[in-house]
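Chemist: Before we start, here is the structure in question, set down as structure tokens.
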Amino acid sequence: MTRLIPTCSQTVGPFYHFALARPEWSNLARKGAKGRKMHVEGRVLDGDGKPCRDAFLELWQANAAGRYNHPDDMQDKPLDAGFVGFGRALTDAKGCYRFTTIMPGPVPGRGNALQAPHIAVNVFARGILKHLATRIYFADQQEANAADPVLGLVHDPARRATLIARPAKPGRDKVPVYRFDIRLQGDGETVFFDV
Amino acid sequence: MSLRDPVPYARDSAGAQPPNDFPDYKSTIKRAPKQAPVRLQHTLTETTGPVFKRSWVGKSVADLTRQHKGEPLGERIIVAGRVLDEDGRPVPGTLVEMWQANAAGRYAHPRDRHDAPLDRNFTGVGQVITDKDGNWRFITIKPGHYPWRNTYNAWRAQHLHFSVFGPAFATRVVTQMYFPGDPLLADDPIYNAIPDRQARERLVSVYDPNLSEAEWALGFRWNMVLRGREATPTE
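Right, dumping it as structure tokens:
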């Protein structure tokens, strides 16, 4: 049987904020998720290092036990009623975004390899015709990162480092902060995946 | 515990997606990555994704002409279709977000400075969750053409913006729907960034008299097709 042709992507354009901004979606832990709470924040920068103030990010991650809230995840691990695992945040005038979430647990990779704790990210913006996919890993998960099969696809250590969020100074709420900048192009260009 | 690897989602055929590096669309010049993307075999991370609950998304807004005191100006239209996968199976329960310019070609967005009137009776934002057969439907007005500064005297083809999730993070699509017979399609760089003609033309809706309502609104039909799973190898 011939398959249908998938609908292709088009840019989100510059004028979507009034439609897609849902500030509550930037807090994935808003319903009291279990696990280690954290902020993930950073900037989205273009090829000149200039902030992209019309970009947005979507996140998808497992709960603290390493289970996705989705029917295809049939692992024998607990679901967390307070945690969906999906988030969206828009960049501000300085190109900054910020999420509040919890540290995901490790999840299985292919062939029963274990994947290090990570968050899948889609990046949308004016000038991006098809959203860019990347992943956030965490600097303090060194051992798990070293064994992660997806990080292992990126051989150049400098490029691999673009996938690692680094601890930053916590703010007044004392919640741990991880910094993850996204460079769309040029020096220090973030690794994007062909998903 | 040993788990079977998830069945991956199918890869796009050549030319079926716009390349990010497409200088005719000027905004890509400083934003398209220069390095090739790293090919990733799908894991549970990619084959799962958000399952939208009504409580999470808020109430549906399917009629964009009744969000304010009065009726918006413009040509009233009904836009409807289904979300399907590549095998023609419906995708139920998925969030469809839609946004657009008003009939004069102006977005209700503070950064849109096009010298065309705003319409106090039109915001241009809708959202629905597909039903069990993957159906969605919006009542709205036809968006106007508008100028943009891509090149001198450049105007965008009329379009509606759509965002749809599907069953997995790997099926996420943000796209634009166009209208049949729009003369501006021929020169629209965003539309023409898609190399494959057939894939490109799938973004153009079809005028459907059966969807039109007599003495009231014109109907346009458009289906969104999400990636399906890779065919399972025969054993």
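If you're matching them up, the sequences are chains A and B in order.
In terms of the working numbering, the first sequence has 29 at position 28, counting the first letter as 1, and numbering is strictly consecutive.
In terms of the working numbering, the second sequence has 326 at position 228, counting the first letter as 1, and numbering is strictly consecutive.
Ideal Cβ placement from N, Cα and C applies to all residues, glycine included.
Would you report the Cα separation of B/D161 and B/G222, rounded to the nearest angstrom?
Modeler: For the purposes of this step, residue 161 of chain B is taken as residue 63 along the second sequence, with counting starting at 1. For the purposes of this step, residue 222 of chain B is taken as residue 124 along the second sequence, with counting starting at 1. One C-alpha to the other measures close to 10 Å.
Chemist: Would you kindly report the start and end of the unbroken beta strand (DSSP E) that includes B/F98?
Modeler: The shown model of chain B, from 99 to 333, leaves out residue 98 of chain B, and the question about it has no answer.
Chemist: Where are the alpha helix (DSSP H) runs, 4 residues long or more, that stay fully inside the segment 102 to 184 of chain A, in chain order?
Modeler: Complete alpha helix (DSSP H) runs here, min 4: 143 to 147 and 158 to 161.
Chemist: Going by C-alpha to C-alpha distance, which of B/R298, B/V271, B/D286 and B/A297 sits closest to A/E59?
Modeler: In the first sequence, counting from the first residue as 1, residue 59 of chain A sits at position 58. A/E59 has its Cα closest to that of B/V271, out of B/R298, B/V271, B/D286 and B/A297.
Chemist: Any C-beta of chain B sitting closer than 8 Å to the C-beta of A/S10?
Modeler: Counting from 1 along the first sequence, the entry for residue 10 of chain A is found at position 9. Yes, A/S10 counts as interfacial toward chain B.
Chemist: Keeping to the same chain, check which residues put their C-beta closer than 8 Å to that of A/K51; ignore five residues upstream and five downstream.
Modeler: Position 50 of the first sequence holds residue 51 of chain A. Here the set comprises G96.
Chemist: For my contact list, A/Y138 and A/L152 are in at a C-beta cut-off of 8 Å; report their separation, rounded to the angstrom.
Modeler: Taking the first residue of the first sequence as position 1, residue 138 of chain A is located at position 137. Taking the first residue of the first sequence as position 1, residue 152 of chain A is located at position 151. Right, the Cβ-Cβ distance comes to about 6 Å (below 8 Å), so this counts as a contact.
Chemist: In angstroms with no decimal places, state the Cα-to-Cα distance between B/E169 and B/F236.
Modeler: Counting from one through the second sequence, the residue named residue 169 of chain B turns up at place 71. Counting from one through the second sequence, the residue named residue 236 of chain B turns up at place 138. Approximately 15 Å, taken between the alpha carbons.
Chemist: In chain A, what lies closer than 7 Å to B/G186 by C-beta?
Modeler: Sequence index remark: in the second sequence, residue 186 of chain B carries index 88 (1-based). By Cβ distance, chain A contributes L5.
Chemist: Closer than 8 Å, CB to CB, is A/Y69 near chain B or not?
Modeler: As a working mapping, residue 69 of chain A is identified with position 68 in the first sequence. Chain B contact via Cβ: present.
Chemist: How about A/Q142: is its C-beta nearer than 8 Å to some C-beta of chain B?
Modeler: The sequence position of residue 142 of chain A within the first sequence is 141, counting from 1. It does not: the Cβ of A/Q142 has no partner Cβ on chain B nearer than 8 Å.
Chemist: Does the Cβ of A/N28 lie closer than 7 Å to at least one heavy atom of the ligand ZN?
Modeler: As far as ligands go, the structure on display features none, and thus does not contain the ligand ZN.
Chemist: If we define contact as Cβ-Cβ less than 8 Å, is B/I288 a contact residue for chain A?
Modeler: To locate residue 288 of chain B, count along the second sequence from 1; it is residue 190. At least one chain A Cβ lies under 8 Å of B/I288.
Chemist: Say whether chain A places a C-beta atom closer than 8 Å to the C-beta of B/G191.
Modeler: Numbered from 1 along the second sequence, position 93 holds the residue referred to as residue 191 of chain B. Cβ-Cβ to chain A under 8 Å: no for B/G191.
Chemist: Check the Cβ-Cβ distances between B/P278 and every residue of chain A, and say whether any is below 8 Å.
Modeler: Along the second sequence, one-based indexing puts residue 278 of chain B at 180. For B/P278, the answer is no, since every Cβ of chain A falls outside 8 Å of its Cβ.
Chemist: Figure out for me which residue from B/F220, B/N219 and B/A199 has the closest Cα to the Cα of B/D210.
Modeler: In the second sequence, residue 210 of chain B corresponds to position 112, counting from 1. The residue with the shortest Cα to Cα distance from B/D210 is B/A199.
Chemist: Buried or exposed, going by whether 16 or more other CB atoms sit within 10 Å of the CB of A/A134?
Modeler: Here residue 134 of chain A corresponds to residue number 133 of the first sequence, with the count starting at 1. Buried, since its Cβ has 16 or more Cβ neighbours within 10 Å.
Chemist: Ordered along the chain, which non-local residues of its own chain (more than five positions away) have a Cβ less than 6 Å from that of B/G317?
Modeler: Counting from one through the second sequence, the residue named residue 317 of chain B turns up at place 219. The answer, listed in chain order, is I176, D306, L309 and S310.
Chemist: Under DSSP, the beta strand (DSSP E) around B/W246 begins and ends at which residues?
Modeler: Counting from one through the second sequence, the residue named residue 246 of chain B turns up at place 148. Segment Y244 to W246, the beta strand (DSSP E) holding B/W246.
Chemist: Given a threshold of 16 other Cβ atoms within 10 Å of its Cβ, counted over all protein chains shown, does B/E313 qualify as buried or as exposed?
Modeler: Within the second sequence, numbered from 1, the residue matching residue 313 of chain B stands at position 215. B/E313 should be labelled exposed.
Chemist: Check each residue of the segment 38 to 50 of chain A: if its Cβ is closer than 9 Å to any Cβ of chain B, include it; give the result in chain order.
Modeler: Result list: D47, G48 and D49.
Chemist: Specify, as a first and last residue, the run of the beta strand (DSSP E) that B/V271 falls within.
Modeler: Position 173 of the second sequence, counted from the first residue, corresponds to residue 271 of chain B. From DSSP, the beta strand (DSSP E) with B/V271 extends over V271 to Y276.
Chemist: Can you confirm whether B/R209, when its beta carbon is compared against all beta carbons of chain A, has any partner nearer than 8 Å?
Modeler: For the purposes of this step, residue 209 of chain B is taken as residue 111 along the second sequence, with counting starting at 1. Yes - at least one Cβ of chain A is within 8 Å of the one on B/R209.
Chemist: Using the Cβ count rule (16 or more neighbours within 10 Å means buried), how would you classify A/R37?
Modeler: Locating residue 37 of chain A in the first sequence gives position 36, counting from the first residue. So A/R37 ends up on the exposed side.
Chemist: So within the segment 133 to 218 of chain B, which uninterrupted alpha helix (DSSP H) runs reach at least 4 residues, ignoring any that extend past its ends?
Modeler: DSSP runs (the alpha helix (DSSP H)) wholly in the segment 133 to 218 of chain B: 142 to 145 and 152 to 155.
Chemist: How about A/F125: is its C-beta nearer than 8 Å to some C-beta of chain B?
Modeler: One-based indexing of the first sequence puts residue 125 of chain A at position 124. So yes, A/F125 belongs to the interface.
Chemist: For B/P287, I'd like the list of residues in its chain whose CB is within less than 6 Å of its CB, leaving aside the five on either flank, ordered along the chain.
Modeler: Counting from one through the second sequence, the residue named residue 287 of chain B turns up at place 189. These residues qualify, in order along the chain: D122 and Y123.
Chemist: Can you give me the start and stop residues for the alpha helix (DSSP H) that A/F19 sits inside?
Modeler: As a first step, residue 19 of chain A is located in the first sequence; it is residue number 18 there, counting from the start. Element bounds for A/F19: H18 to L21.
Chemist: Give the DSSP-derived three-state secondary structure of A/R68 in the structure shown.
Modeler: On the first sequence, residue 68 of chain A is found 67 positions in, with the first residue counted as 1. Residue state, collapsed to three classes: coil.
Chemist: Starting from the C-beta of B/D185, find all residues in its chain whose C-beta is less than 7 Å away, skip the five residues before and the five after it, and write them out in chain order.
Modeler: What you label residue 185 of chain B is simply residue 87 of the second sequence in a count that begins at 1. Taken in chain order, the residues that qualify are G326.
Chemist: A/S10 bridges to which residues according to DSSP?
Modeler: Within the first sequence, the letter at position 9 stands for residue 10 of chain A. None, per the DSSP bridge assignment.
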